[in-house]
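For reference, the structure discussed in these notes is given below.
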Amino acid sequence: MLRQITDNKAMLVGCILIFIFTATAIFSAWLSPFDPFAQNIRFRLKPPGETYWLGTDGYGRDILSRIIWGARISLTVGVVAVSIGATLGILVGLVSGFFGGSVDNLLMRIIDVLLVLPTVLLALVIVAMLGPGIFNLMVAVGISNAPRFARVIRAEVLAVKKMVFVDAASALGASYMRLMSRHILPNTLASILVLSTLRVAQAITTEASLSFLGLGVAPPTPTWGSMISDGRIYLRTSPWVAIVPGVMIMLIVMAFNLFGDGLRDLLDPKLRGSKANLAR
Amino acid sequence: MDELEDISRRVLVIIPTILGAVTLAFLIIHAAPGDPIRTLMGDYDAPPEVVERLKQQFGLDKPLYVQYVNYVASVLSGDFGTSLRTGREVLAEILRVFPHTLFLALGAVVLAILIGIPLGMISAVRNNTSFDHLSRIVALLGISMPSFWLALVLLLFLSVYAGWFPLVGAGELENPLSILHHLFLPALALAARDAAAISRLTRSGLLEILRQDYIVTARAKGLAEKIVIYKHALRNALIPIVTVISLDLGYTLGGTVVIEAVFSRPGLGSLIIQSIYSRDYPQLQGAIMFFAFCFLLVNMTTDIIYKFIDPRIDYKRAL
Chain A
1074 MLRQITDNKA MLVGCILIFI FTATAIFSAW LSPFDPFAQN IRFRLKPPGE TYWLGTDGYG
1134 RDILSRIIWG ARISLTVGVV AVSIGATLGI LVGLVSGFFG GSVDNLLMRI IDVLLVLPTV
1194 LLALVIVAML GPGIFNLMVA VGISNAPRFA RVIRAEVLAV KKMVFVDAAS ALGASYMRLM
1254 SRHILPNTLA SILVLSTLRV AQAITTEASL SFLGLGVAPP TPTWGSMISD GRIYLRTSPW
1314 VAIVPGVMIM LIVMAFNLFG DGLRDLLDPK LRGSKANLAR
Chain B
19 MDELEDISRR VLVIIPTILG AVTLAFLIIH AAPGDPIRTL MGDYDAPPEV VERLKQQFGL
79 DKPLYVQYVN YVASVLSGDF GTSLRTGREV LAEILRVFPH TLFLALGAVV LAILIGIPLG
139 MISAVRNNTS FDHLSRIVAL LGISMPSFWL ALVLLLFLSV YAGWFPLVGA GELENPLSIL
199 HHLFLPALAL AARDAAAISR LTRSGLLEIL RQDYIVTARA KGLAEKIVIY KHALRNALIP
259 IVTVISLDLG YTLGGTVVIE AVFSRPGLGS LIIQSIYSRD YPQLQGAIMF FAFCFLLVNM
319 TTDIIYKFID PRIDYKRAL
């Protein structure tokens, strides 16, 4: 497996970038050169240089330190939100695909309703209902991701449940619970893993969009989306304040996309070239 | 007759989804934690008699199912309520700003097609050349960068530094040139992701088709390369691209929310954001429902058009 990862250069790049971002998020307290919250008006809007490698923002805070701390928020929101979405989506998809009939019909109509709103908009509506804050943000992004998981898992379950080994287990007296958890779910894991990786990229973008709109994590906590939003007013005079966090979002989203695409090729060759990576 | 049956089946199946969207909009105000009126009042601590009077005014003193039935009935009769912020009719306000959102979404889709298909075609024809590598990297960056950030970068270089495009606004509706001038940058920012996706899909689709036997035959019988690519290969590669474009139109509508905020453009997205900031729930409910209707309408129309493009599609089986 390791050999296959190293052979796929794009996947390797994605893997290395994810490793760097994760390490940065974990060790942010040690890695950041300055206090990301410390304001110093005397040094506001300093361009990138020797002391402040990536410059300072409108309050004189070190952008590099805030970027390093922002990685923690982005990754946490991305991973937790996708875990919430995957759990909900897997439950719905599994039950829907396994039982079929009116259960399937009802659940899929609910999913249809949630799918009429694009992810960002659905997350926006949920945040509007729950109020801002990091926990609500993760729940909102998570729920808005759930319908995509439900659809994919349901399709997988429909295919797997027709296989002979499921009939055999059923004939041996396995209960519905056992059939679903021991025989069907493990065979959908490859798709879940691939979709999760690709959806983390999407969740990070959604979080950044909501933070950019002021509906994400409250200030002064550094998030890349809110840093871009803060930098908007200095775009003419100090463009680095908004540009640098955007580059970071682009890199992390690219990393998850590359890794997800590679993982798909590795785990599920029949999905190769599919539109899963384009799914919003 | 079969076509007609297929189309009516497709139209009928969206009715429960529309009802679901109305229910979702109804739930926005009721699912929020706490008393809806207190939520509407925000930080203002209103006296209990005022709260009671408002409850009666909005019909919130009735049982939930009565409220729901009343809400569905008024929505179906075209009454989306009154905005708490402006006092104007919600639907009138939505229809006033909607053309701007529609232009933005359509502009983005057109730009995505104009950029994505030629880029993917050249990339496929010049497979493994430096152009191909470069365009694949550009496509990867296009898919990965957040649209609102790209919008700011475009604003910085093309508006602030070069002065070619206006910084904010949507132009005057009576002046088509002014609309197009204001539309280009936001549409480009919104189109980047779709253009990248379309270019990737065109490239991979064409590469696969160029390996087919009938392409070898076409070349063997001495047809010009242009005819082989345009007439034989591209037409067949277009079918999945049409699907992605049709799917994307709905999502592009979603992308307008953030882009409208960056360019301070009026539109459905801006209306939604304003409603959230000002806790104008009737306006938010109306805008969300309208959005959902548009999305369903776009999907249904493209499904029907698609049926004519590719007669092999059978909705009886798909549903």
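As they're listed, the protein sequences go chains A and B. So the number in the working numbering is just where the residue sits in the first sequence, counting from 1, plus 1073. So the number in the working numbering is just where the residue sits in the second sequence, counting from 1, plus 18. Built from N, CA and C at the ideal position, the CB exists for glycine as well.
Asked, Found
"Along the chain, where does the alpha helix (DSSP H) that runs through Asn88 (chain B) open and close?", "82 to 94"
"How is the alpha helix (DSSP H) around Met163 (chain B) delimited, first residue to last?", "Counting along the chain, Met163 (chain B) falls outside any alpha helix (DSSP H), and DSSP gives it neither H nor E."
"Secondary structure at Ala1349 (chain A), three-state DSSP: helix, strand or coil?", "Note on Ala1349 (chain A): pLDDT 41, under 50, position unreliable in the model; no value is reported."
"Who are the neighbours of Trp182 (chain B) on chain A, taking C-beta pairs under 7 Å?", "In chain order: nothing, as chain A lies at least about 15 Å away."
"Just to confirm my understanding: we take Pro65 (chain B), look at its own chain, exclude 5 residues before and 5 after, and list those with CB closer than 7 Å. What are they?", "none"
"CB Val1150 (chain A) to CB Val1214 (chain A), shorter than 8 Å?", "yes"
"With a floor of 4 residues, list each alpha helix (DSSP H) that falls wholly inside the segment 230 to 266 of chain B, ordered by position along the chain.", "231 to 238"
"Alpha carbon to alpha carbon, how far is Arg154 (chain B) from Ala242 (chain B)?", "27 Å"
"With a Cβ-Cβ cutoff of 8 Å, do Val1193 (chain A) and Gly134 (chain B) count as a contact?", "no"
"Check whether the segment 1202 to 1218 of chain A touches the segment 1273 to 1282 of chain A, counting contact only when three or more Cβ pairs, one atom from each stretch, lie closer than 8 Å.", "yes"
"So, are the CB atoms of Ala279 (chain B) and Ser293 (chain B) less than 8 Å apart?", "no"
"Residues in the same chain with beta-carbon distance under 6 Å from Ala1159 (chain A), minus the five sequence neighbours each way, listed in chain order, please.", "Phe1222, Ser1269"
"Alpha helix (DSSP H) containing Ile1099 (chain A): first to last residue?", "1082 to 1099"
"Between the C-alpha atoms of Met1300 (chain A) and Arg1145 (chain A), what's the straight-line distance to the nearest angstrom?", "14 Å"
"Is Glu192 (chain B) helix, strand or coil by DSSP?", "coil"
"In the DSSP output, which residue or residues are listed as bridge partners for Thr100 (chain B)?", "B:Glu107"
"Starting from Lys73 (chain B), follow the alpha helix (DSSP H) in both directions and report where the run begins and ends.", "66 to 76"
"Taking the C-alpha atoms as reference points, what is the distance between Glu70 (chain B) and Pro204 (chain B)?", "45 Å"
"So Leu1137 (chain A) and Leu1127 (chain A) are supposed to be a Cβ contact under 8 Å. How far apart are they, rounded?", "4 Å"
"Tell me the residue span of the alpha helix (DSSP H) that contains Val186 (chain B).", "Note, Val186 (chain B): premise wrong, no alpha helix (DSSP H); not H, not E."
"Val1186 (chain A) and Gly38 (chain B) look like a contact to me (Cβ under 8 Å); what is the Cβ gap, rounded to whole Å?", "3 Å"
"What does Pro34 (chain B) touch in chain A if you count any residue whose Cβ is under 9 Å from its own?", "Arg1182, Asp1185, Val1186"
"For Val1198 (chain A) and chain B, any beta-carbon pair shorter than 8 Å?", "yes"
"Just mark Ile32 (chain B) as buried or exposed, buried being the case when its beta carbon has 16 or more other beta carbons within 10 Å.", "buried"
"Please state if the CB of Ser162 (chain B) and the CB of Asn1330 (chain A) are separated by a distance shorter than 8 Å.", "yes"
"Tell me, to the nearest whole angstrom, how far the beta carbon of Ile46 (chain B) is from that of Ala1196 (chain A); I am working on the premise that it is less than 8 Å.", "Their Cβ separation, rounded to whole angstroms, is 13 Å, which puts Ile46 (chain B) and Ala1196 (chain A) out of contact at 8 Å."
"Would Asn1209 (chain A) pass as an interface residue toward chain B - the criterion being a Cβ-Cβ separation below 8 Å?", "no"
"With 8 Å as the C-beta to C-beta threshold (strictly closer), list the residues of the segment 1264 to 1285 of chain A near chain B in chain order.", "Ala1274, Thr1278, Ala1281, Ser1282, Phe1285"
"Quick one: grab the DSSP three-state call for Asp1135 (chain A).", "strand"
"Any beta carbon of chain B sitting closer than 8 Å to that of Asn1218 (chain A)?", "no"
"Compare the C-beta of Pro1312 (chain A) with all C-beta atoms of chain B and state if any pair is closer than 8 Å.", "yes"
"Under 7 Å Cβ-Cβ, which residues of chain A neighbour Ser162 (chain B)?", "Met1323, Val1326, Met1327, Asn1330"
"With Leu219 (chain B) and Met139 (chain B) assumed to form a contact (beta carbons below 8 Å), what rounded beta-carbon distance in angstroms separates them?", "Contact flag wrong, Cβ pair sits at about 11 Å."
"Mind checking the segment 282 to 299 of chain B against chain A and listing, in chain order, the residues whose C-beta falls within less than 9 Å of any C-beta there?", "Gly287, Ile290, Ile291, Ser293, Ile294, Tyr295, Arg297, Tyr299"
"Among A:Arg1337, A:Gly1287, A:Ser1156, A:Ile1141, which has the Cα closest to the Cα of Thr1097 (chain A)?", "A:Ile1141"
"I'd like to know if the segment 227 to 242 of chain B and the segment 302 to 322 of chain B are in contact, where contact means that at least 3 CB-CB pairs between them fall below 8 Å.", "no"
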